[in-house]
Amino acid sequence: MVTQSTHASTLKSIRAGVPPRPPTEIIEIRRELEDLGRHARSSSPVAGSTAVPATPCLEPMLAGFLGRLRELLDSQPVHQNDLEPLALLASNLATLVKSARLHDRERQRSYDLEKLVQVVSDQRDRHERTTATYEKLIRTMLYGNGIEGVTRALASILENPVAVEDRFFQSISHAPNPTLGKPLESTTLEFGGTAPALLSDPRFREQLRLVNAEGYPVTIPPFPEYGACWSRLMAAITVGKTRFGYLSVFGKNRPVTALDRAAIEHATAVFALELQKGKTASEAEEKLKMVFLDDLLMGRYEGGDALQRREAFVDYGLARPHAVVVVEVDCARVVPDENDFSSPGPAAAKKRVLEAIDDIVDGIAPGSWVMSKGDGVIVLLDLSGEASGKTRSLTTKALAEAVRNEIKRRFQDFAVSVAVGAKCERPEDYKRSYQVARKSLDILKAFDRHDRTVCFERLGVYQLLLQIQDVVELKDFVDRLVGPLVSYDRDHNACLIETLESYLQNDCNLQKTARINFLHANTVKYRLQRIEELARVDLDEAETRLDLHLALKLWHLIN
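All residue numbers for the sequence shown refer to the working numbering, where the first residue is 676 and numbers rise by one.
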């Protein structure tokens, strides 16, 4: 580009009468005009910012003028007298372009500053709104409105339905109140939480894994095939490594915004505080109840008014009929759940099972009590049906089976055994009911039988067998009489057990047994001889036949 000194030198030469070199001067001026033209057509906004419009009309007009001037220089010779005005024009144009570019940069800085002020203002507004939201939720909790009040307040703030569920996806609270006819709400009413079928879907489980792993709200898409017709923003409610449940905000009325996400994060903290507070209070109350129940089951209590005062203090309701149910879940081979923040291993699994059983029993037979004792879980099953009409129409066996089936659904890899004791209508009945249920499970374990339900009401003659204190002796009794026959049937594809049962049921009548089983009398006679040889018994002795009858009944109970 031609500099100011070059222009001065040219003018000095002209004034002194020294002939200049027109071709060289013209070439330099032409180059300067080209350079000015390039600057006039370009604009360099500040990096990382949005460019503002350049000086209106100046650049296109200047670019056109310079282009026209360059064409004139190329098309006709330039007189010496024109060199001074041209040099002066080039200098003035350079100053003009420089001023215009400086003006554009200042406008760009002003524009960026306005944007920054707007961002800071938005962040301040967001902070004020989230702080106000948090304070509103905290006030709701401090005023004693509980989880339900906090849920309603959050739904009002977000203008969308909100649901709080425990770690097993059973409903704790929701707002607004669900109404039938809407797919999601009707599903929630029916199952008391997220539909079990949805919980089993691998896609939902993967989303749940992200919720537990990320530590912040995750958007879960709709699953209309399960009745979940809206997307939900889900966050885990945790305190340290303890997960209490989940908070879900459904995008029914409007999309969830970034500000809503901040409100949800604050809400999870409030729900965690509320649930932790409830847990601490309930744990103290539960300790008193557990001591009372343990004394009741062990028979360690004073009669009369003393027992009534203790019962009234824990509000148990001994006047209502109950049954003692012992539940054992095999947690020895537990594979830790990657979605669970609890400590891995059998101990954590037992804790999860206890919480699940408490939740299940509360849904099936409200008014029942659940406690952990030894390796099992004790349920004092309320049979009155006062809290819910469900128990009135179900037998004790059906109630126990419903509990076992729900545990199996939630913990599919666990073996679950349930034993139901006798009906309890007086305080002294509880000890015997517990002993019967405990003995039933001990017998099942002795014969290595798991994953079944045994009910005292249907034991019949087995009730006598439960009076035997030595379970090993009872097992030896069955193995000695029935064991050889079972092994023979398995190894030879025979039917000795079936034949013996039919023979005993038909009053030990050989001809009648053969006729009912469509066999020849000699075939039945041969099988009975093999039974006597293998079991080392004499079927002609009445006492032997009674022993075999009891052994077969117990064998069927176990199998």
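Glycine is no exception: its CB is placed at the ideal position from the N, C-alpha and C atoms. Quantities reported herein were computed from a predicted structural model and do not represent experimental measurements.
Spatial neighbours of residue i in its chain, beta-carbon cut-off 6 Å, leaving aside the 5 residues before and after
{"i": "H1125", "result": "A1090, S1092"}
{"i": "A1075", "result": "V1000, V1093, V1095, T1128"}
{"i": "A888", "result": "none"}
Cβ-based burial, residue i [other Cβ within 10 Å; buried from 16]
{"i": "M973", "result": "exposed"}
{"i": "A1196", "result": "exposed"}
{"i": "D1104", "result": "buried"}
{"i": "P899", "result": "exposed"}
{"i": "A762", "result": "buried"}
{"i": "A1217", "result": "exposed"}
{"i": "P836", "result": "buried"}
{"i": "Q783", "result": "buried"}
{"i": "A994", "result": "exposed"}
{"i": "L794", "result": "As written in the sequence, residue 794 is Val, which differs from the Leu given in the question. By the 10 Å Cβ count, V794 comes out exposed."}
{"i": "Y1109", "result": "buried"}
{"i": "S831", "result": "exposed"}
{"i": "V825", "result": "buried"}
{"i": "L1223", "result": "buried"}
{"i": "K916", "result": "exposed"}
{"i": "R1113", "result": "buried"}
{"i": "L829", "result": "buried"}
{"i": "V1010", "result": "Low per-residue confidence applies at V1010: pLDDT is 48, beneath 50, and the placement is therefore not dependable enough to give any value."}
{"i": "E840", "result": "buried"}
Beta-carbon contacts of residue i that lie in its chain and below 8 Å, excluding the five residues immediately before and after
{"i": "T1160", "result": "According to the sequence provided, residue 1160 is Leu. The question's Thr does not apply to it. The answer, listed in chain order, is L1171, I1172, L1175, I1206, L1209, A1210."}
{"i": "A870", "result": "T862, Y901, G902, A903"}
{"i": "E823", "result": "S848, A850"}
{"i": "N1181", "result": "K1187, T1188, I1191"}
{"i": "V1253", "result": "Residue 1253 lies beyond the stretch modelled for the chain, which goes from 676 to 1234, so this question has no answer here."}
{"i": "Y1163", "result": "A1169, L1171, R1205, L1209"}
{"i": "L1203", "result": "T1174, L1175, Y1178, L1185, L1214"}
{"i": "T1071", "result": "A998, L1056, L1058, V1095, K1098, C1130, E1132"}
Helix, strand or coil at residue i [DSSP, three-state]
{"i": "H778", "result": "helix"}
{"i": "L1056", "result": "strand"}
{"i": "Y921", "result": "strand"}
{"i": "Q1087", "result": "coil"}
{"i": "D1117", "result": "helix"}
{"i": "S796", "result": "helix"}
{"i": "E840", "result": "strand"}
{"i": "R1155", "result": "helix"}
{"i": "A1226", "result": "helix"}
{"i": "R827", "result": "helix"}
{"i": "A937", "result": "helix"}
{"i": "L908", "result": "strand"}
{"i": "R1220", "result": "helix"}
{"i": "A1169", "result": "coil"}
{"i": "S1043", "result": "coil"}
{"i": "K621", "result": "Because residue 621 is not part of the residues shown, which for the chain are 676 to 1234, the question remains open."}
{"i": "G926", "result": "coil"}
{"i": "H1231", "result": "helix"}
{"i": "V931", "result": "coil"}
{"i": "T770", "result": "helix"}
{"i": "E1100", "result": "coil"}
{"i": "T943", "result": "helix"}
{"i": "A903", "result": "strand"}
{"i": "V1028", "result": "helix"}
{"i": "V999", "result": "strand"}
{"i": "T1198", "result": "helix"}
{"i": "T1071", "result": "helix"}
Whether residue i touches residue j by CB criterion (8 Å)
{"i": "R936", "j": "F925", "result": "no"}
{"i": "V1036", "j": "S1043", "result": "yes"}
{"i": "R842", "j": "G920", "result": "yes"}
{"i": "M1046", "j": "L971", "result": "no"}
{"i": "A1024", "j": "I1082", "result": "no"}
{"i": "A910", "j": "R918", "result": "no"}
{"i": "L885", "j": "F879", "result": "no"}
{"i": "V1147", "j": "F1086", "result": "no"}
{"i": "L1149", "j": "I1118", "result": "yes"}
{"i": "V1054", "j": "V1002", "result": "yes"}
{"i": "P996", "j": "S1059", "result": "yes"}
{"i": "D1057", "j": "A1040", "result": "yes"}
{"i": "R1248", "j": "A1097", "result": "Here the chain comprises residues numbered 676 to 1234, so residue 1248 is not present and cannot be evaluated."}
Neighbourhood of residue i by C-beta, 7 Å cutoff - its chain only, sequence neighbours within 5 removed
{"i": "P694", "result": "Annotation note: pLDDT 43 at P694 (below 50); position unreliable, coordinate value reported separately. The answer is none, since no qualifying residue turns up."}
{"i": "S1068", "result": "In this prediction, S1068 scores a pLDDT of 49, lower than 50, which makes its location untrustworthy; the coordinate-derived value is nonetheless stated afterwards. Nothing listed; no residue qualifies."}
{"i": "I939", "result": "P892, L908, A910, L922, V924"}
{"i": "M965", "result": "M1046"}
{"i": "V792", "result": "none"}
{"i": "T894", "result": "S906, L908"}
Contact with chain B by residue i, beta-carbon distance below 8 Å
{"i": "Q783", "result": "This model lacks chain B altogether; it includes just one protein chain."}
Heavy atom of the ligand MG within 7 Å of residue i beta-carbon
{"i": "A828", "result": "Of ligands this structure carries none, so the ligand MG is not represented either."}
Complete runs of the beta strand (DSSP E) confined to the segment 869–899 [at least 3 residues] | The beta strand (DSSP E) runs of length 3 or more contained entirely in the segment 869–899 are, from start to end of the chain, 893–895.
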